[in-house]
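Before any comments, here is the structure.
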Amino acid sequence: MTKKIFRSILLVAGTVLLASLIIIWGCLYGYFAGVQETQLQDELGLAAVLTETDGEAGLRQVDASRFRLTWIAADGTVLYDTDTDAAQLENHAERTEVQQALETGSGESVRYSTTFLEKTMYRATRLSDGTVLRISRSRATVGVLLLGMLQPILAVLIAALVLSAIFARRLSRRIVEPLNNLDLDHPLDNDAYEELSPLLGRISRQHKQITTQLRELKRRTDEFTQITGSLREGLVLLDDRGYVLSINPAAQRLFGANAGCVGQDFLVVDRSRELDAAIAQAMADGHSELRSERGGRLWQFDVSRIDTAGEKGGAALLAFDITDRELAEQSRREFTANVSHELKTPLQGIIGSAELLESGMVKEEDVPRFVGHIRDEAQRLVTLIGDIIRLSQLDEGVDVPREPVDLLAVANEAAHDLQGAAEARKVTLAVDGERAQIVGARRLLYEIVYNLCENAVKYNREGGSVSVHVAKSDSWVSVRVADTGIGIAPEHQSRIFERFYRVDKSHSKASGGTGLGLSIVKHAVAYHHGMIDLQSEPGKGTTITVTFPK
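Going by this note's numbering, the first residue of the sequence shown is number 471, and it counts up by one from there.
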C-alpha cells in the first residue's frame, strides 16, 4: 500500500510539474510573441514616416539590426532592402502582405522555414506615393526554443522529481503508519483517521461475527472429535485429492498411524492397493465396499463420496471389525444346520415306527417295543426343543427374574434329581461344601449344576463317582463338579461348550443327549458374569469349576 501511495503521489507531482512548465512556457511564448509583433508594428510606422519625408535616405537612418526593411514599388520591384542589394531581389508583387497592403493599405503574413526551423513575420503598409514599405523579423519556432532550453528544463524537472519522490515517500509513510498500527482485534479503540470510522465499525461487526463463528466451529469440531474418538469403528475423512483431513483413534490403531498423518496422502498412511482402488471407485461412482483381513481380524471398509454444492468434495472411509459378526453368522448357520439335523433324526424314528405300526407289519408282541421307541424319540424331541428354546432365550438376553439363591441347596436338588440315573450307571453322586448365596436366576443356576452333573454321570465308568463341592470367599462363590469318567482329549476341550458338539457321538446318542447341555451352561454362566475352568485327562476324569462374583 505504501508503494502504491508513493507512486500515486509521485505521478501526480510529476504530472502537475510538467503541466505547469508547459503552461508557463506557452504563456511566456505568447506574451513575448505579442511584444515582438507590437514592436514590429511600431518600427514599421517609424520607418514609414522617415520614408515619406526623406525617401531612401530616411530608411538608411533606421537601425535595422533587429529587423529587415524592404521598399517595394507598386509593380513589385524592390527599390531598397536593408539586408540585400535590391537589384538582386525578385519581384515581390505576388507576396501576400504586399498585395494586402496595395489593396487595403496594410498587410501581414507569416512564413515558416523548415530548413532553418524559423518563423518570419511580415508587416507591410502602403505609402502615399503608392509604394509599399515592408518590415520583417525572424524568430525561432517553439520546438527550437524547447530544444535550446531542454537541458535546463530537464535539470529542473529531475530536481523537482527527486524532491517530489522524497516528499511522496515521507508523506506515504505518514499516511500508512496509522493504518499499519490499527488494532484489528479492537477496531473501535483506534484513534486513526475520522474517515475510517465507518470502515472500522464494519470491521468490528465482522470481527465479532467471525469470533462467534470460530467459537461455534471449535465447538462443533470438539463435538466431532469426541464423537469420532469414542467410536469403535475407524473413521477417515479425505479431501478430493485423497489427502487425510481427519482420522479418529480407532483408525489410527488400525492403520498404525497417528494424528500427525493429517495432511498426508492416504497412500502414505496405508499402502493397500485394494483399499486405494476402493477409494478411487468411491470418488468416481459415489460408494464402494471392501472386505480385508488385518491382524487376524476381518474388516469391512465402506467408502462414500462426499459431494458439496454439486461438486466432488472428498470421501469418508468407515472401517468395521466384522470378525465377531461373521463368527456369529457362521455359528448361526451351523446351529441352524445342526438343529435341522437333530430334529430330523427323532422325527424320522417316530415316522418310521408309526408307518410300520400302521401297515400292520409289526408283530403283536413287538408293538409295545415300537410304541416305547416312539415315546422315547418324542421325549428326546421335546427335550431338544426345550434346550433350543432356553439357549435362544439366553442368546437374546431375555431378562430372567433374580433372587437370592443358595448354591449348596441347588446342588443338592440337582443331585437328588439325578440320583436315579446315577444308580442306573452305578455311579456314586455326592455333594459337600458350605452354604454359598448369590443373587441370580435360580432356574439357570439349577440348569448349570444339573447339566454338569448329568454329563459327569453319563460319561462316567461303571462304579465311578461324581463329587459336587460348593465353596465361597469374600468376593466369589464356586461350584466344582469332578468325575472319574472317560475324560476329554486336549483337542476337544476348547470346543465342548459349542452347540451340538459331541466328543463321542455314538455314546451321546445312546445316552439321549441333545448336545446343547454344556452350551446352555456356558451361556448361563456368562449371564451371571461368571467363569468356567476345565481340567480333564483322558481315562482319569474331568473337573469343571464354575465361579460367580458375589
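Beta carbons are placed, not taken as given, at the ideal position from N, Cα and C, and that holds for glycine.
| said: In this structure, how does DSSP classify Met1001 when only helix, strand and coil are distinguished? | reply: strand
| query | Comparing the CB of Thr954 with every heavy atom of the ligand FMN, is any distance shorter than 7 Å? | reply | This structure simply doesn't include the ligand FMN, nor any ligand for that matter.
| With 16 other Cβ atoms within 10 Å as the buried cut-off, status of Glu924 | buried
| request: Report the rounded CA-to-CA distance for Ala952 versus Leu797, giving the unit in angstroms. | output: 32 Å
| Taking Cβ positions, are Gly704 and Ala720 nearer each other than 8 Å? | yes
| task | Starting from Thr1012, trace the beta strand (DSSP E) both ways and give me its first and last residue. | result | For Thr1012, the enclosing beta strand (DSSP E) starts and ends at Gly1011 to Pro1019.
| task | Identify whether Glu781 lies in helix, strand or coil by the three-state DSSP scheme. | result | strand
| Near Ser742, which residues of its chain fall below 8 Å by C-beta distance, leaving aside the five closest residues on each side in sequence? | Ser762
| Separation of Lys928 from Ser981, as counted between CA atoms | Confidence at Ser981 is low in this model, with a pLDDT of 49, below 50, so the placement of that residue should be treated as unreliable; the coordinate-derived value is given next. Using only the alpha carbons, I get a separation of about 7 Å.
| Same chain, Cβ closer than 7 Å to Phe537, five either side skipped, listed in chain order | Leu510, Glu513, Ile605, Ser606 and Arg607
| How big is the Cα-Cα spacing for Gln770 and Ile990? | 31 Å
| query | If you draw a straight line from the C-alpha of His886 to the C-alpha of Gln696, how long is it? | reply | 57 Å
| DSSP beta-bridge partners for Pro719? | Answer is none; Pro719 lacks a bridge partner.
| said: Suppose the cutoff is 6 Å on Cβ atoms and the five residues either side in sequence are ignored; what does the same chain contact list for Asp553 look like? | reply: Arg538
| field | His757 classed as buried or exposed, judged by whether at least 16 other C-beta atoms fall within 10 angstroms | value | exposed
| request: Ignore the nearest five residues each way along the sequence and tell me which others in Leu684's own chain have a CB closer than 6 Å to its CB. | output: none
| task | Could you tell me if His999 is buried or exposed, where buried requires 16 or more neighbouring beta carbons within 10 angstroms of its beta carbon? | result | exposed
| task | Measure the alpha-carbon distance for Ser937 versus Leu745 and round it to whole angstroms. | result | For Ser937 and Leu745, the gap between their C-alpha atoms comes out near 57 Å.
| Alpha-carbon to alpha-carbon, Arg477 and Ser490 | 20 Å
| Does the pairing of the region 711-728 with the region 778-793 give three or more beta-carbon distances under 8 Å? | yes
| said: Just to confirm, is the Cβ distance from Ile844 to Ile820 under 8 Å? | reply: yes
| query | Are the beta-carbon atoms belonging to Phe967 and Leu988 less than 8 Å from one another? | reply | yes
| message | Closest to Ile918 by C-alpha separation, out of Ser943, Arg905, Ala884 and Ser945, would be which residue? | response | Ala884
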